[in-house]
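Inspection log for the structure reproduced underneath, given as structure tokens.
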Amino acid sequence: MPGKEDLRRTVCVVDDDETIREVLATIFGAEGFGVSVFESGEDFLAYSFDVPPACVLLDVLMPGKSGLDVLKEFSGRSAGAPVIMISGSADIPMAVDAIRHGALDFIEKPFDPFAIVGRVGEALAASGARAAAGDQSRNADEVAGAEMLTPREREVLVLIAAGQSNKEAGRELGISPRTIEVHRARIMEKLGAKNAADLVRIVMSASDQR
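Note that UniProt numbering has the sequence shown beginning at 1, numbered continuously upward.
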């Protein structure tokens, strides 16, 4: 059971695979993070956090509560703690469902543990970069239908409208290019855009009408 130490630099690993728990705990510990490991979603949800952890790595397929069920319950009661889902059998609908319920990113197994450390670091560092959206962010707020977009989808829309590729946008937001693709597909569906060029025109039209 994890201790009640300062969790602002603590990564929680929730996975029924003992090897994955041990590997991630060792690597994150070597990088200076505190690590709390849980072998089930029930154990994780039963633990009382005094301070939200820096990040949660949550397996999708586990005995008992699935990762998606855990995500929905955790997101509903703990704002501000980013959750990265990991799965050996990911598909687009599953990724969309996870992101819709608050997941920051979706990583497929097998994965490079060191790459996950980098992904977590990028995600934590991205919080400052997101504040630099400035006027473009206001443009996104003024787009017809913007009220249907989640805060993350608005961030992605701003970067796409600025001409960034999926890889560039993912780097700035600290998430994977595939996750950007999922967000972009949902944005296009909500705003009725046919392609990325349509999204740019929609945002620029909002700017011209200010």
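Just so it is clear, CB atoms sit at the ideal spot from N, CA and C, and this is done for glycine as well.
> With a CB to CB cut of under 8 Å and the five nearest residues on each side skipped, what residues in its chain are close to Leu124?
Replying inline: By 1-based counting over the sequence shown, the position of residue 124 is 124. Answer for Leu124: Ala54, Cys55, Pro82 and Gly174, listed in chain order.
> What did DSSP end up calling Leu58 once you bin it into helix, strand or coil?
Replying inline: Along the sequence shown, read from residue 1 onward, the residue named residue 58 stands at position 58. Per DSSP, reduced to three states, the secondary structure at Leu58 is strand.
> For Arg186, which of Asp16, Arg119, Leu149 and Val70 has the nearest alpha-carbon?
Replying inline: One-based indexing of the sequence shown puts residue 186 at position 186. The shortest Cα separation from Arg186 among Asp16, Arg119, Leu149 and Val70 belongs to Leu149.
> Which value, in whole angstroms, describes the spacing of the CA atoms of Lys72 and Gly41?
Replying inline: Against the sequence shown, residue 72 aligns to sequence position 72. Against the sequence shown, residue 41 aligns to sequence position 41. About 11 Å.
> Where DSSP assigns a beta bridge to Thr10, which residues make up the other side?
Replying inline: To locate residue 10, count along the sequence shown from 1; it is residue 10. For Thr10, which the question treats as bridged, DSSP gives the partners Gly34.
>> In the DSSP output, what is Ser87 paired with across the bridge?
In response: Against the sequence shown, residue 87 aligns to sequence position 87. In the DSSP output, where bridge partners are listed per residue, Ser87 has Glu108.
>> What would DSSP say about Gly174, mapped onto helix, strand or coil?
In response: Residue numbering aside, residue 174 sits at position 174 when the sequence shown is read from its first letter. Residue state for Gly174 is assigned as coil, using DSSP reduced to three classes.
> Taking Cβ positions, are Val37 and Val13 nearer each other than 9 Å?
Replying inline: Mapped onto the sequence shown, residue 37 falls at position 37. Mapped onto the sequence shown, residue 13 falls at position 13. Contact: yes.
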